[in-house]
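Enquirer:
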Amino acid sequence: MSKKILFKVLVALLFVAAAVVWLLSVLMPEEFENINLAWIIAAFAGVLGLMFILRGLFSKTIGPAKKFYIILGAVFIIAGVLALVGTIIDDKLVLPVIAVVITAAALLCVLAVGGKKWDSADNEKVGYKNYYERKKEEEERKAKENK
920 MSKKILFKVL VALLFVAAAV VWLLSVLMPE EFENINLAWI IAAFAGVLGL MFILRGLFSK
980 TIGPAKKFYI ILGAVFIIAG VLALVGTIID DKLVLPVIAV VITAAALLCV LAVGGKKWDS
1040 ADNEKVGYKN YYERKKEEEE RKAKENK
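Residue numbers (my numbering): 920 to 1066.
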(Lines of atoms letter the chains of each structure in order from A and count residues from 1; the text may use other names and numbers.)
(Lines give C-alpha, C1' and ligand atoms only; values in the text may rest on other atoms or scores of the structure.)
Protein backbone atom coordinates (compact mmCIF):
# COMPACT_ATOMS: atom_id res chain seq x y z
CA MET A 1 0.00 0.00 0.00
CA SER A 2 1.45 3.35 -0.98
CA LYS A 3 1.68 6.31 1.34
CA LYS A 4 -0.57 8.40 -0.87
CA ILE A 5 -3.46 5.95 -0.60
CA LEU A 6 -2.91 5.67 3.13
CA PHE A 7 -3.53 9.40 3.57
CA LYS A 8 -6.66 9.25 1.40
CA VAL A 9 -8.02 6.26 3.32
CA LEU A 10 -7.39 7.99 6.65
CA VAL A 11 -9.23 11.11 5.45
CA ALA A 12 -12.16 8.98 4.27
CA LEU A 13 -12.22 7.10 7.58
CA LEU A 14 -12.24 10.43 9.39
CA PHE A 15 -15.33 11.47 7.42
CA VAL A 16 -17.01 8.15 8.23
CA ALA A 17 -16.12 8.41 11.92
CA ALA A 18 -17.55 11.94 12.18
CA ALA A 19 -20.76 10.85 10.45
CA VAL A 20 -21.12 7.77 12.69
CA VAL A 21 -20.61 9.77 15.89
CA TRP A 22 -23.15 12.32 14.71
CA LEU A 23 -25.63 9.55 13.86
CA LEU A 24 -25.12 7.91 17.24
CA SER A 25 -25.61 11.23 19.02
CA VAL A 26 -28.96 11.59 17.27
CA LEU A 27 -30.07 7.96 17.74
CA MET A 28 -28.94 7.57 21.36
CA PRO A 29 -29.07 11.03 22.92
CA GLU A 30 -28.83 9.74 26.51
CA GLU A 31 -25.45 8.04 25.92
CA PHE A 32 -24.08 10.93 23.85
CA GLU A 33 -25.64 13.83 25.74
CA ASN A 34 -22.39 15.80 26.02
CA ILE A 35 -21.60 15.53 22.32
CA ASN A 36 -23.16 18.02 19.95
CA LEU A 37 -22.48 18.96 16.34
CA ALA A 38 -19.97 21.69 17.31
CA TRP A 39 -17.77 19.17 19.12
CA ILE A 40 -17.93 16.75 16.21
CA ILE A 41 -16.98 19.47 13.72
CA ALA A 42 -14.15 20.70 15.96
CA ALA A 43 -12.69 17.23 16.41
CA PHE A 44 -13.03 16.43 12.71
CA ALA A 45 -11.45 19.69 11.61
CA GLY A 46 -8.66 19.46 14.18
CA VAL A 47 -7.65 15.92 13.26
CA LEU A 48 -7.91 16.70 9.54
CA GLY A 49 -5.77 19.79 10.08
CA LEU A 50 -3.12 17.79 11.91
CA MET A 51 -3.10 15.18 9.14
CA PHE A 52 -2.50 17.85 6.50
CA ILE A 53 0.22 19.51 8.56
CA LEU A 54 2.00 16.19 9.05
CA ARG A 55 1.68 15.45 5.35
CA GLY A 56 3.20 18.83 4.58
CA LEU A 57 6.09 18.25 6.97
CA PHE A 58 6.97 14.70 5.99
CA SER A 59 6.02 14.37 2.32
CA LYS A 60 8.64 14.17 -0.42
CA THR A 61 7.03 16.80 -2.64
CA ILE A 62 8.17 20.19 -3.88
CA GLY A 63 8.24 23.17 -1.55
CA PRO A 64 5.05 24.92 -2.65
CA ALA A 65 3.04 21.71 -2.23
CA LYS A 66 4.41 21.27 1.29
CA LYS A 67 3.50 24.85 2.13
CA PHE A 68 0.00 24.33 0.68
CA TYR A 69 -0.60 21.26 2.86
CA ILE A 70 0.56 23.08 5.98
CA ILE A 71 -1.58 26.14 5.25
CA LEU A 72 -4.60 23.95 4.49
CA GLY A 73 -4.04 22.14 7.78
CA ALA A 74 -3.92 25.48 9.59
CA VAL A 75 -7.19 26.50 7.94
CA PHE A 76 -8.83 23.29 9.19
CA ILE A 77 -7.52 23.89 12.71
CA ILE A 78 -8.90 27.45 12.62
CA ALA A 79 -12.25 26.01 11.48
CA GLY A 80 -12.16 23.67 14.47
CA VAL A 81 -11.46 26.57 16.80
CA LEU A 82 -14.31 28.58 15.27
CA ALA A 83 -16.64 25.61 15.78
CA LEU A 84 -15.92 25.71 19.50
CA VAL A 85 -16.63 29.43 19.90
CA GLY A 86 -19.40 29.74 22.44
CA THR A 87 -18.91 26.28 23.93
CA ILE A 88 -15.51 26.36 25.67
CA ILE A 89 -13.73 29.23 23.92
CA ASP A 90 -14.63 32.81 24.82
CA ASP A 91 -15.15 35.35 22.07
CA LYS A 92 -12.16 37.39 23.22
CA LEU A 93 -9.80 34.41 22.79
CA VAL A 94 -10.68 33.66 19.18
CA LEU A 95 -8.37 36.15 17.47
CA PRO A 96 -5.30 35.33 19.60
CA VAL A 97 -5.78 31.61 19.00
CA ILE A 98 -6.12 32.22 15.26
CA ALA A 99 -2.97 34.37 15.32
CA VAL A 100 -1.04 31.60 17.09
CA VAL A 101 -2.20 29.02 14.53
CA ILE A 102 -1.26 31.26 11.58
CA THR A 103 2.19 32.09 12.94
CA ALA A 104 2.85 28.45 13.82
CA ALA A 105 1.85 27.49 10.27
CA ALA A 106 4.26 30.07 8.85
CA LEU A 107 7.06 28.68 11.01
CA LEU A 108 6.25 25.13 9.91
CA CYS A 109 6.29 26.24 6.26
CA VAL A 110 9.83 27.52 6.70
CA LEU A 111 10.90 24.36 8.52
CA ALA A 112 9.26 22.04 5.98
CA VAL A 113 11.03 23.58 3.01
CA GLY A 114 14.26 23.99 4.92
CA GLY A 115 15.13 27.29 3.30
CA LYS A 116 16.10 25.57 0.05
CA LYS A 117 15.01 26.77 -3.33
CA TRP A 118 12.86 24.13 -4.95
CA ASP A 119 13.66 25.26 -8.46
CA SER A 120 17.40 25.74 -8.73
CA ALA A 121 18.93 25.95 -12.17
CA ASP A 122 21.54 23.49 -13.44
CA ASN A 123 24.19 26.18 -13.70
CA GLU A 124 23.95 26.77 -9.94
CA LYS A 125 24.95 23.18 -9.14
CA VAL A 126 28.53 22.26 -8.26
CA GLY A 127 30.49 20.91 -11.21
CA TYR A 128 28.18 22.27 -13.89
CA LYS A 129 29.82 22.77 -17.26
CA ASN A 130 28.36 25.10 -19.82
CA TYR A 131 27.92 24.32 -23.51
CA TYR A 132 31.37 25.52 -24.55
CA GLU A 133 33.16 23.52 -21.86
CA ARG A 134 31.24 20.35 -22.76
CA LYS A 135 31.90 20.90 -26.48
CA LYS A 136 35.63 21.39 -25.84
CA GLU A 137 35.81 18.17 -23.81
CA GLU A 138 33.95 16.31 -26.53
CA GLU A 139 36.38 17.56 -29.19
CA GLU A 140 39.35 16.58 -27.01
CA ARG A 141 37.87 13.11 -26.51
CA LYS A 142 37.33 12.71 -30.26
CA ALA A 143 40.88 13.89 -30.93
CA LYS A 144 42.24 11.23 -28.54
CA GLU A 145 40.14 8.54 -30.23
CA ASN A 146 41.38 9.54 -33.69
CA LYS A 147 45.08 9.33 -32.70
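From the three backbone atoms N, C-alpha and C, an ideal C-beta is built for every residue, glycine too.
My parser needs the alpha helix (DSSP H) runs of 4 or more residues fully inside the segment 932-999; what are they?
Expert: Those alpha helix (DSSP H) runs which fall completely within the segment 932-999 and span 4+ residues are 956-977.
Enquirer: At what residues does the alpha helix (DSSP H) containing T1022 begin and finish?
Expert: V1013 to V1032 is the extent of the alpha helix (DSSP H) around T1022.
Enquirer: So what does I1008 bridge to, in DSSP terms?
Expert: In the DSSP output, where bridge partners are listed per residue, I1008 has V1004.
Enquirer: Rounded to a whole number of angstroms, what is the C-alpha to C-alpha distance between L1030 and L976?
Expert: If you take the alpha carbons of L1030 and L976, they lie about 8 Å apart.
Enquirer: Among K1054, P1015, I981 and A1002, which residue has its Cα nearest to the Cα of C882?
Expert: Not covered by the structure: residue 882. The range shown for the chain is 920 to 1066.
Enquirer: Taking one C-beta from the segment 944-961 and one from the segment 1000-1020 each time, how about it: are there three or more such pairs within less than 8 Å?
Expert: Contact between the segment 944-961 and the segment 1000-1020 is present, because at least three Cβ pairs lie under 8 Å.
Enquirer: Is it right to say L1012 is buried, meaning 16 or more other beta carbons lie within 10 angstroms of its own, or is it exposed?
Expert: Looking at its Cβ environment, which holds fewer than 16 other Cβ atoms inside 10 Å, L1012 is exposed.
Enquirer: What are the start and end residues of the alpha helix (DSSP H) that includes N1049?
Expert: Here N1049 belongs to no alpha helix (DSSP H), and DSSP marks it neither H nor E.
Enquirer: What residue from V1032, A1018 and G1046 has the CA that sits closest to I996's CA?
Expert: Selected option, being the one with the closest Cα: A1018.
Enquirer: Could you tell me the alpha carbon to alpha carbon distance between A931 and G1046, rounded to whole angstroms?
Expert: Their Cα atoms are separated by approximately 47 Å.
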